[in-house]
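Colleague: Pasting in a structure now, in structure tokens, and then I'll have a few things to ask.
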Amino acid sequence: MPDDKVKSEANNNFKNPKLLELIKLELDREHVGNTKEKVLVFTIAVSGALTTRHRCSCALNGDTSEGESGCLASPR
Amino acid sequence: MEIHRKEKAVALHLPDNMFRWYDGLTKSGVQGDLKDSPTVGTIFFKELNKQDENYSMTQFLKSICEEGHSETKRDIETNNRDLVTYKIPKIAGIYATTKMVDDDELINRFIVISIVGNPPLYKEVNDNTKKAFLDVNLQIEQDARRKTGTWIKYGLSEILKPVDYFEIPHIDCVKPNNETARSKRDLKRFINIACVIAWLYQQQRELQIIDGKKVLVVLPEDLLNAYNIMSKSLTQSFNNLTSRDLGTLKAIDKLAEKQSQQCLNPNESYVEKRKLQSALKIKSRGGIWKRLSSLKTNDAITVISDKENSNYWIKTNVDVISLLKGDFIELETVTCLKEFLTKPDSICFEDKDEPEPQETPTATPQQTSGEPSQKKLDIEQPLNEKIENLRNCIEMHKETLSIIELIKEGFPLEFLNKCLAEKIIFEKPDKTIGG
Chain A
1 MPDDKVKSEA
11 NNNFKNPKLL
21 ELIKLELDRE
31 HVGNTKEKVL
41 VFTIAVSGAL
51 TTRHRCSCAL
61 NGDTSEGESG
71 CLASPR
Chain B
1 MEIHRKEKAV
11 ALHLPDNMFR
21 WYDGLTKSGV
31 QGDLKDSPTV
41 GTIFFKELNK
51 QDENYSMTQF
61 LKSICEEGHS
71 ETKRDIETNN
81 RDLVTYKIPK
91 IAGIYATTKM
101 VDDDELINRF
111 IVISIVGNPP
121 LYKEVNDNTK
131 KAFLDVNLQI
141 EQDARRKTGT
151 WIKYGLSEIL
161 KPVDYFEIPH
171 IDCVKPNNET
181 ARSKRDLKRF
191 INIACVIAWL
201 YQQQRELQII
211 DGKKVLVVLP
221 EDLLNAYNIM
231 SKSLTQSFNN
241 LTSRDLGTLK
251 AIDKLAEKQS
261 QQCLNPNESY
271 VEKRKLQSAL
281 KIKSRGGIWK
291 RLSSLKTNDA
301 ITVISDKENS
311 NYWIKTNVDV
321 ISLLKGDFIE
331 LETVTCLKEF
341 LTKPDSICFE
351 DKDEPEPQET
361 PTATPQQTSG
371 EPSQKKLDIE
381 QPLNEKIENL
391 RNCIEMHKET
401 LSIIELIKEG
411 FPLEFLNKCL
421 AEKIIFEKPD
431 KTIGG
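Protein chains in written order, with the working numbering: chain A, 1 to 76; chain B, 1 to 435.
Shown next, in the form of structure tokens:
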């Protein structure tokens with residue numbers, strides 16, 4: 001369960017005009033680099049929360065070890 | 001069912017009931033899971049290669065990521081006596097791969113995002129890895145954060161509310177590159193990403209209710225932010241070249257230019273493979289051939305062999321400069337959108353070399369008082385009142401107005417189109433509007 005700090009951070013950040021930059025900074029904590037690509041993958045993943053007509057799909061393509069899988073997720 | 005969760009990067013920030021991660025894919029497994037989980041709108045799956053997966057699986061994925069999937073088969077629960085129909089709505093599918101499958105239809109259904117590293121980035125990643133092991137508190141903090149969930153995850157599940165429709169009053173500013181059939185698909189993708197961005201910003205907007213449906217207005221800043229984050233990926237996808245390919249072409253072009261300036265190579269614009277390999281800092285012969293073969297497949301280069309000197313000469317077949325500047329939408333789109341911004345401080349990820357707007361918008365009294373320049377009409381405003389306002393606006397202006405100028409005045413495009421259809425207003429031969 002998220003604590004009060006996380007809740008208040010969320011309430012403030014979703015009202016911040018620089019919301020996309022803040023999302024980028026949060027994504028940076030888990031995966032370094034590929035800024036625009038990472039934010040694009042995030043928005044595509046979030047499109048799943050919208051009605052079906054607005055959903056998009058993507059394929060991350062890169063040479064081995066470039067971080068194409070790490071951009072999505074890696075096991076702990 | 002316990003969710004197999006991958007605790008990193010993008011997936012970490014999504015609410016549990018919103019996505020699935022499939023390491024192994026079986027059609028019936030995915031079908032059954034998605035049928036039982038109506039809130040799941042996003043799936044992540046492992047590398048998809050045609051040679052590894054069967055044909056029906058590829059078709060199934062194409063289908064669920066394109067328009068949803070419907071299948072009728074015998075129902076096992078009634079001992080195959082009855083028929084049962086499985087329906088899966090359209091899903092946002094995401095996967096990572098080291099090689100793209102040789103299936104144009106499949107690639108067309110996915111936005112291809114090229115992930116390319118470079119030595120400074122590798123250093124940054126390695127420094128980050130070392131930092132985590134230097135201070136154990138960082139690892140403890142990171143694990144705690146993963147357990148409690150991030151502010152993005154909380155916001156997506158608890159703060160943001162579903163929206164039924166999106167309205168884009170400034171959509172006329174968006175000028176797609178109509179030269180290829182792909183532009184139709186890319187335009188929809190661009191609009192969808194702008195809608196996602198508007199949805200994320202919903203706490204800063206007023207949600208309209210029309211006929212009991214929730215409607216969110218997509219502002220020019222959402223379109224511009226969508227352009228900034230996806231322009232590179234869609235342009236590469238549009239040209240069918242990755243950013244690595246473009247980098248190689250750029251290097252060939254640069255070497256050829258240098259040669260012609262120094263008159264080193266009388267043989268037109270061919271460059272030596274050895275020199276190219278050195279310019280790209282590729283150590284292995286396999287590495288350079290891998291890059292060249294990808295470009296050769298796309299007919300972007302010509303390679304001729306010089307058997308006497310055991311060397312190869314390479315020339316580009318494409319106009320590299322225009323390819324690098326090429327875009328899935330016309331650049332004037334950016335200029336137009338910038339004129340209508342209501343909150344310029346919300347623009348993110350702007351390229352430094354992006355062209356500046358050609359004309360500075362004239363300041364209106366509203367702008368000088370620090371208020372947003374866009375006067376947005378209330379969608380719930382009675383229709384007659386809206387029409388009256390539109391007529392007044394047309395009469396008040398000495399110079400006749402175009403559709404774009406009326407949108408600038410705050411009249412939604414959809415409303416103007418309705419008025420044109422109902423012949424409340426009409427378009428003059430010079431494209432201005434009469435009332």
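Virtual Cβ for every residue (Gly too), placed ideally from N, Cα, C.
Any beta carbon of chain B sitting closer than 8 Å to that of A:LEU25?
Modeller: Cβ-Cβ to chain B under 8 Å: no for A:LEU25.
Colleague: Assuming contact is defined by CB atoms lying nearer than 8 Å, are B:ILE91 and B:GLY41 in contact in what I supplied?
Modeller: Cβ atoms of B:ILE91 and B:GLY41: closer than 8 Å.
Colleague: Is A:ARG55 helix, strand or coil when you go by DSSP?
Modeller: Note: A:ARG55 maps to coil in three-state DSSP.
Colleague: Relative to the alpha-carbon of A:LEU40, which residue among B:ARG109, B:ASP82, B:LEU234 and B:ILE140 has its alpha-carbon at the smallest distance?
Modeller: Nearest C-alpha to A:LEU40: B:LEU234.
Colleague: Identify the contact partners of A:ASP4 in chain B, using a Cβ-Cβ distance below 8 Å as the criterion.
Modeller: Per Cβ cutoff of 8 Å: no residues; A:ASP4 is ~11 Å from chain B at best.
Colleague: Would A:GLY62 and B:SER231 qualify as a contact pair, given that the criterion is a beta-carbon distance under 8 Å?
Modeller: No, they are not a contact pair.
Colleague: Is B:TYR154 helix, strand or coil when you go by DSSP?
Modeller: In the structure shown, B:TYR154 sits in a helix (DSSP, three-state: H, G or I).
Colleague: Does the beta carbon of B:LYS338 sit closer than 8 Å to a beta carbon anywhere in chain A?
Modeller: Not closer than 8 Å to any Cβ of chain A, the Cβ of B:LYS338 fails to qualify, so no.
Colleague: For B:PHE426, is the classification buried or exposed, using 16 other Cβ atoms within 10 angstroms of its Cβ as the cut-off for buried?
Modeller: Label assigned to B:PHE426: exposed.
Colleague: Chain A beta carbons: is any one of them nearer than 8 Å to that of B:ALA9?
Modeller: Yes, B:ALA9 lies at the interface with chain A (some Cβ there is under 8 Å from its Cβ).
Colleague: Under DSSP, the alpha helix (DSSP H) around B:GLN142 begins and ends at which residues?
Modeller: That run of the alpha helix (DSSP H) goes 136-148.
Colleague: Assign A:SER47 to one of three DSSP states: helix, strand, or coil.
Modeller: Reduced to three states, the DSSP call for A:SER47 is helix.
Colleague: How would you list, in chain order, the residues of chain A whose beta-carbon sits under 7 Å from the beta-carbon of B:VAL94?
Modeller: The sequence as given places Ile at residue 94 of chain B; Val does not occur at that position. Per Cβ cutoff of 7 Å: VAL41, ILE44, ALA45, SER57, CYS58 and LEU72.
Colleague: Using only alpha-carbon positions, find the residue among B:CYS195, B:VAL196, B:ASP211 and B:LEU216 that is nearest to B:VAL205.
Modeller: Reading off the sequence, residue 205 of chain B comes out as Arg, not Val. It is B:LEU216 whose Cα lies nearest to the Cα of B:ARG205.
Colleague: In this structure, how does DSSP classify B:ILE379 when only helix, strand and coil are distinguished?
Modeller: Unreliable positioning characterises B:ILE379 in this predicted model, as indicated by a pLDDT of 45, which lies under 50. The coordinate reading is nonetheless provided below. It is coil, neither helix nor strand.
Colleague: State the Cα-Cα distance for the pair B:GLY93 and B:SER63, rounded to the nearest angstrom.
Modeller: Computed Cα separation, rounded: 11 Å.
Colleague: Just how far apart, CA to CA, sit B:HIS13 and A:PRO2?
Modeller: Going by the C-alpha atoms only, they are around 12 Å apart.
Colleague: Just checking: is the beta-carbon of B:THR302 within a distance shorter than 8 Å of some beta-carbon in chain A?
Modeller: Not one chain A Cβ lies under 8 Å of B:THR302.
Colleague: Can you tell me which residues form a DSSP beta bridge with A:ASN61?
Modeller: DSSP lists B:THR97 and B:SER114 as partners of A:ASN61.
Colleague: For B:ASP306, which beta-bridge partners are listed by DSSP?
Modeller: Bridge partners of B:ASP306: B:ASN311.
Colleague: Quick one: what's got a C-beta closer than 6 Å to B:ASP135's C-beta in the same chain, skipping five residues either side?
Modeller: Same-chain partners within the cutoff: there are none.
Colleague: If I measure Cβ to Cβ from B:ASP82 and keep anything under 7 Å in the same chain, skipping five residues before and after, which residues do I get?
Modeller: Taken in chain order, the residues that qualify are ASP75.
Colleague: Quick one: complete alpha helix (DSSP H) runs, 4+ long, within the region 178-221 of chain B?
Modeller: Those alpha helix (DSSP H) runs which fall completely within the region 178-221 of chain B and span 4+ residues are 182-200.
Colleague: Name the residue from B:ILE288, B:VAL196, B:PRO162 and B:ARG182 whose alpha carbon lies nearest to the alpha carbon of A:LEU20.
Modeller: Nearest option by C-alpha distance: B:VAL196.
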